[in-house]
Structure formats: structure tokens, C-alpha cells
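Have a look at the structure below, then the notes.
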Amino acid sequence: MSNTATSATLTAAISDLQEEIALTLVRQRLDAGDDPLLIIEDCKEGMRQVGVRYERNEYYLAGLIMAGEIFRQVMELLQPIVEDQVSGQASGRILLGTVEGDIHDLGKNIVNMLLSCHNFVVHDLGVDVSPTIFAEQAAQVQPHLVGLSGLLTSSYDAMRETITLLRAQGYQGAIVVGGGQLSEEVCQYVGADHWSTDAVTGVELCQRLMEER
Ligand code: B12
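Residues in the sequence shown are numbered from 0 upward in steps of one, following numbering that gives the first Met the number 0.
Spelled out as C-alpha cells, the structure:
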């Protein structure tokens, strides 16, 4: 059932904050056997458009909150299906969280879900996690990988501080940063080893890092 028109309709429903229409479209696509990961991509594009409309003052904070709520409900529908579909070899331990000052967690939660489906043991510290908590938990959990999520420009300094502290206390595993606005330049600025703007490629990266160990 997935085609350009159905993708565009779902993206538009999210972008227009039409909750019922968006959820109905998701249910219809799931009933038709559509790939939940493609559905997530269409919703993500809708969320990107919400962000653009917020920047243009077409939406205000309430619009962001509403979009977040719609996405959360979409994920409630998709999660059981994704969990049924994906599986893999036992992987590694990963410490995950959204950095200090940032409460965006929808993307991080998708990463958590996909990593768990690939048999990673995920220690998710939640949102607004201080560098100290990351460092304490890293010492306790001894993760193979650390994943830091952040969507705000101001999160880059929190990522940098967190990574500096982790390295200062001797953490030697790979550190991956993720978030929609990241780039190679930001990755270098914060001192991470890898970066990703997408959960699927991010999880593939984590799997590759585990294989290379
Ligand atoms: C929904 C939303 C919110 C919701 C979040 C709800 C929630 N529970 O997460 C709420 C209302 C809380 C919110 C608040 C704010 N927001 Co907001 N928000 C958004 C919006 C529209 C969508 C984000 C989203 O969920 N996208 C969908 C998910 C699936 O995508 P994602 O997060 O990018 O995640 C994917 C990848 O990045 C990756 N990934 C993510 N993390 C990780 C981690 C690892 C390890 C890996 C490998 C991969 C990975 O995988 C995910 C799946 O593919 C964005 C717009 C945008 N372009 O992102 C603005 C946006 C991020 N928000 C913005 C702003 C300004 C704010 C506020 C400051 C607004 C205000 N005036 O208060 C506050 C800040 C609050 C805070 N302290 O954090 C700006 C940031 C601008 C900037 N450059 O800093 C954006 C870009 C909007 C814009 N264009 O202006 N927001």
C-alpha cells in the first residue's frame, strides 16, 4: 500500500496536526501490511514540517506539544509490530539518554526500541540527563557503547561536557550522538566518535561497532 501518495497524506496529516486522520491512516497502512519503519519515516517528515512551521510562527509551543502527542500515539500503534518483526543476534550494552537541558525523547525512544529489538541491552536514562549522571551510570553499567540524543542547538555543549567527563573518567567505548540537526561538524565539536540523524542507520552503526570490537 505504501506509495508516494499515501506517504504524502500521512506526512500532511501530521504536519497539519490532524490527530484522528493521522492515526486512522497509520491503522489503515498497518492493516495493509505496510512496513512500520516506512510509516515512521513519513511521520518524521511530518514532524520536520511542524518544526519549520514553528520557525515561521505559523505554530507556537502548543503546536510542538500536539505534534509530540500525535507521534507518541503513532508509536503506540507501531511498537508491537516493530517488536514482532525485528530480531537479531545478542549484541551489546548501551547507555542511552537525552542530554542535559533537552527533553526531546521521541527519537531516542525509537532508537531504544530498535536497539532492544536487535538484542542490545539498553540502559535508558531518560531526558535532561546531566553529564555527572551519564558518568556515574557509565561507571556502573560498563556499557560497550554510549548514545547521546539531543535536538537543540544548545544541546551540543551538554554533549561536549558529557563526552569530556566520560573520557576523563576513562570510558573507552564508542560514543554515538544522534538527533535531527547533527552533522560531521557538530560530531567533531562535541568530541563524539560517530553521529546519526536516523534511528535505523544509527542502530546499524551500533551493530557494526559491536562486530568490529
Ligand atoms: C515534537 C517537538 C517538541 C516536543 C517534544 C516532545 C517529546 N516528548 O520529545 C516539545 C513540545 C517538548 C518540544 C519542546 C521544545 N522544542 Co521542540 N521540537 C519538536 C519537533 C517538532 C519534532 C521532534 C521529533 O520528535 N521528531 C521526530 C523524531 C522521530 O525525530 P528525531 O527526534 O530527529 O529522532 C530521530 C533521529 O534524530 C535519530 N536519533 C535521535 N536521537 C538519537 C540518539 C542516537 C544515539 C542515535 C543513534 C540516533 C538518534 O533517530 C530518531 C528516529 O529516526 C522538532 C522539529 C524537528 N525538526 O526536529 C522541534 C525542535 C527540535 N524544537 C525546537 C524548540 C526551539 C523547542 C523549544 C525550545 C520550544 C520552546 N519555546 O519552549 C522546547 C525545548 C524544550 C527542551 N528543553 O528540550 C527546535 C530546536 C531549534 C534549535 N536549533 O535548537 C526544533 C528544531 C523546531 C524548530 N524548527 O524550530 N519540542
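Note that beta-carbon positions come from the ideal geometry of N, C-alpha and C, so glycine has one too.
Notebook entry, point to check: Any heavy atom of the ligand B12 closer than 8 Å to the CB of M46?
Noted result: If you number the sequence shown from 1, residue 46 lands on position 47. For the ligand B12, at least one heavy atom lies less than 8 Å from the Cβ of M46.
Next item on the list: Examine the ligand B12 and report whether any of its heavy atoms sits within less than 8 Å of the Cβ of G179.
Entry: Position 180 of the sequence shown, counting from 1, holds the residue named residue 179. Yes, the Cβ of G179 comes within 8 Å of a heavy atom of the ligand B12.
Notebook entry, point to check: Excluding five sequence neighbours on each side, which residues of the same chain lie with their C-beta closer than 6 Å to the C-beta of D192?
Noted result: Within the sequence shown, the letter at position 193 stands for residue 192. Answer for D192: A173 and I174, listed in chain order.
Margin query: Runs of 3 residues minimum, wholly inside the region 156-204: which ones carry the beta strand (DSSP E) assignment?
Written below: 173-177 and 193-195
Margin query: Distance check for D101 and D156, CA to CA, integer angstroms please.
Written below: Sequence index remark: in the sequence shown, residue 156 carries index 157 (1-based). Sequence index remark: in the sequence shown, residue 101 carries index 102 (1-based). The straight-line gap from Cα to Cα measures roughly 11 Å.
Checklist line | Exposure of P35, with buried meaning 16 or more beta-carbon neighbours within 10 Å | finding: The sequence position of residue 35 within the sequence shown is 36, counting from 1. The residue in question, P35, is buried, as its Cβ has 16 or more Cβ neighbours within 10 Å.
Item checked: Nearest to D123 (by Cα), restricted to the options H117, C116 and F133 -> If you number the sequence shown from 1, residue 123 lands on position 124. Of H117, C116 and F133, the residue nearest in Cα terms is F133.
Check: Does DSSP put R71 in a helix, in a strand, or in coil?
Finding: Stepping through the sequence shown from its first residue, residue 71 is reached at position 72. Helix.
Check: Cβ of I93 within 9 Å of Cβ of F119?
Finding: Within the sequence shown, residue 93 is the residue found at index 94, counting from 1. Within the sequence shown, residue 119 is the residue found at index 120, counting from 1. Yes; because the gap between Cβ atoms is below 9 Å, this pair is in contact.
Checklist line | Limits of the beta strand (DSSP E) - the one that S153 falls within | finding: Position 154 of the sequence shown, counted from the first residue, corresponds to residue 153. It is not in any beta strand (DSSP E) - S153 carries neither H nor E in the DSSP assignment.
Item checked: Host beta strand (DSSP E) of R92 (start-end) -> Here residue 92 refers to the residue found at position 93 of the sequence shown. First-last of the beta strand (DSSP E) with R92: R92 to T97.
Check: Relative to the ligand B12, is the shortest distance from any of its heavy atoms to the C-beta of E54 smaller than 8 Å?
Finding: Taking the sequence shown and counting its residues from 1, one reaches residue 54 at position 55. For E54, the shortest C-beta to heavy atom distance toward the ligand B12 is below 8 Å.
Note to self: Let me check you understand the geometry: is the CB of H143 closer than 8 Å to at least one non-hydrogen atom of the ligand B12?
What the structure shows: For this step, residue 143 is matched to residue 144 along the sequence shown. No, Cβ of H143 sits at least 8 Å from all heavy atoms of the ligand B12.
Check: Can you check whether the CB of V110 is closer than 9 Å to the CB of G177?
Finding: Translated into the one-based positions of the sequence shown, residue 177 becomes position 178. Translated into the one-based positions of the sequence shown, residue 110 becomes position 111. The answer is yes: Cβ separation under 9 Å.
Checklist line | Neighbourhood of V73 by C-beta, 6 Å cutoff - its chain only, sequence neighbours within 5 removed | finding: For this step, residue 73 is matched to residue 74 along the sequence shown. For V73, where only same-chain residues beyond five positions count, the Cβ hits under 6 Å are V25 and C42.
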